[in-house]
Structure formats: structure tokens, C-alpha cells
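Here the sequence shown is numbered in the UniProt record's numbering, starting from 1 and rising by one per residue.
Every residue gets a Cβ at the ideal spot worked out from N, C-alpha and C, and that includes glycine.
Input: a single structure, listed below in C-alpha cells.
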Amino acid sequence: MADTSKIAKNLQRFAQAIAAHDRENPTHNAYGIGLAHFDLERLGFDEGEEVLPGITIHADSGVTGNFRVLCDGQHDEEVEEVEEEVVDAVATEQVSVGGGSVERREFG
């Protein structure tokens, strides 16, 4: 059995993360917390266990020591939009600047 103070701290962090997610993403809802299988066992949680109202624990392939908020929405749409902006912002010509660094400029 895991230390109850560790479990309490994790439950508090889970609740904070869920609240932050729902505040930042009002169009979709969180349904769970993803933990690495090692952390799931270390903390004494069971797969599918409800730890907060409507929030269940799920084992995933994430990194040990971190948890993820699982939701029914797509966050990748924003990432793709940002990637497109970055691709458009890349310069077309390299200009050498003293000291070996490279400065990029776009000439039109």
C-alpha cells in the first residue's frame, strides 16, 4: 500500500490538472488520468478506478513520474496550426554573421 500522504498529494494534483484542462479547453471534457504502469502499481491504483467524480485512472505508455489528463477532444489541431506557422516563418536565405552564427533573412 502506498503512503496515504503521497496519494493525497497526487489526488490534489490530479484535481488541479483537471480543473486547468477544463478551464483552458471548455469544448471538451476530461474523463481520466493516464499514468505509467509502474506509477499505477507504485501508488496502489487499479486500472479503471474512479479517483475523482467522473475521473478514472488508466495505464498508458507515458513517462514514469508524470501523468496526463485524458479527454474526449483533439489537442493536435492546435499543434498542427502552430507547425504550419513555423514552416511559413522559415527564411529562404542564410546570411553569415560574425562569430560563426547564422542569421536568416527573407528577401523579396
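Distance CB(residue i)-CB(residue j) smaller than 8 angstroms
i, j, result
"leucine 40", "isoleucine 18", "no"
"valine 63", "alanine 36", "yes"
"alanine 30", "isoleucine 55", "yes"
"cysteine 71", "asparagine 10", "no"
In DSSP terms, what residue i is bridged to
i, result
"aspartate 22", "Per DSSP, none; premise fails for aspartate 22."
"glycine 34", "His58, Arg68"
"leucine 52", "Ile55"
Supposed close pair residue i, residue j - CB separation, criterion 8 angstroms
i, j, result
"aspartate 60", "glycine 34", "4 angstroms"
"threonine 27", "glycine 73", "6 angstroms"
Where residue i sits in the DSSP three-state scheme
i, result
"glutamate 41", "helix"
"asparagine 10", "helix"
"threonine 4", "helix"
Own chain residues within Cβ distance below 8 angstroms of residue i, not counting five before or after
i, result
"alanine 15", "Leu52"
Close Cβ partners of residue i (< 6 angstroms) along its chain, the five nearest in sequence each way excluded
i, result
"lysine 6", "none"
Contacting residues, own chain, Cβ-Cβ under 7 angstroms from residue i (five flanking each side not counted)
i, result
"phenylalanine 38", "Thr64"
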